[in-house]
Amino acid sequence: MTSTSPTPRIPASRPWLSRNLIADPRFGPLPGLLLLLTVVTGVVDAISILALGRVFVANMTGNVVFAGFAIAGAPGFSLSASLFALAGFLAGATAGAIITRAGQDRGALLRAGALASCCYQP
């Protein structure tokens with residue numbers, strides 16, 4: 002005999018989606034905040050790559066690739082811009098580690114980080 006589990010019914014209006022993103026019983030607002038940070042990161046990177054001349058400010062993988070292109074001599078890539086962005090990322094990661102070690106409430110730290118990420122205007 003094989004047992005099959007019943008197929009979950011999805012309501013037509015999907016209020017569960019917003020409820021789970023904002024007030025998940027297990028993770029609280031974390032899923033919604035992570036989704037928001039993902040969208041903000043994509044927007045920030047898109048703007049920075051277009052406006053700052055081929056440098057990423059939110060994701061560092063692209064800067065490592067661009068530094069490699071600059072070292073290889075590809076035209077239009079700046080080694081100094083990529084290394085400066087990487088140094089800024091390392092400084093920010095170090096500051097974040099120090100702040101999180103000092104704080105006890107993960108939710109408050111996450112909300113503060115999301116607010117700082119959304120409100121920062123370079």
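Numbering (my numbering) for the sequence shown: 2 to 123. All residues carry an ideal CB built from backbone N, CA and C; glycine is no exception. In this text, all values refer to a predicted model and were calculated from it rather than measured experimentally.
Under the rule that 16 or more other beta-carbon atoms within 10 Å means buried, what is F85, buried or exposed? Residue burial is scored here from C-beta neighbours: F85 has fewer than 16 other C-beta atoms within 10 angstroms and is therefore classed as exposed.
Range of the contiguous alpha helix (DSSP H) that encloses R55: Per DSSP, R55 lies in no alpha helix (DSSP H) segment and is marked neither H nor E.
Go ahead and label V40 buried or exposed: buried means 16 or more other beta carbons lie within 10 angstroms of its beta carbon, across all protein chains shown. With fewer than 16 other Cβ atoms within 10 Å, it is exposed.
Given 8 Å as the limit, is there contact between the segment 30 to 40 and the segment 99 to 117, that is, 3 or more CB pairs closer than that? Pairwise C-beta distances place the segment 30 to 40 in contact with the segment 99 to 117, as three or more of them are shorter than 8 Å.
Please identify the residue among R107, C120 and R55 whose C-alpha is closest to the C-alpha of F28. Of the residues R107, C120 and R55, the one whose Cα lies closest to the Cα of F28 is R107.
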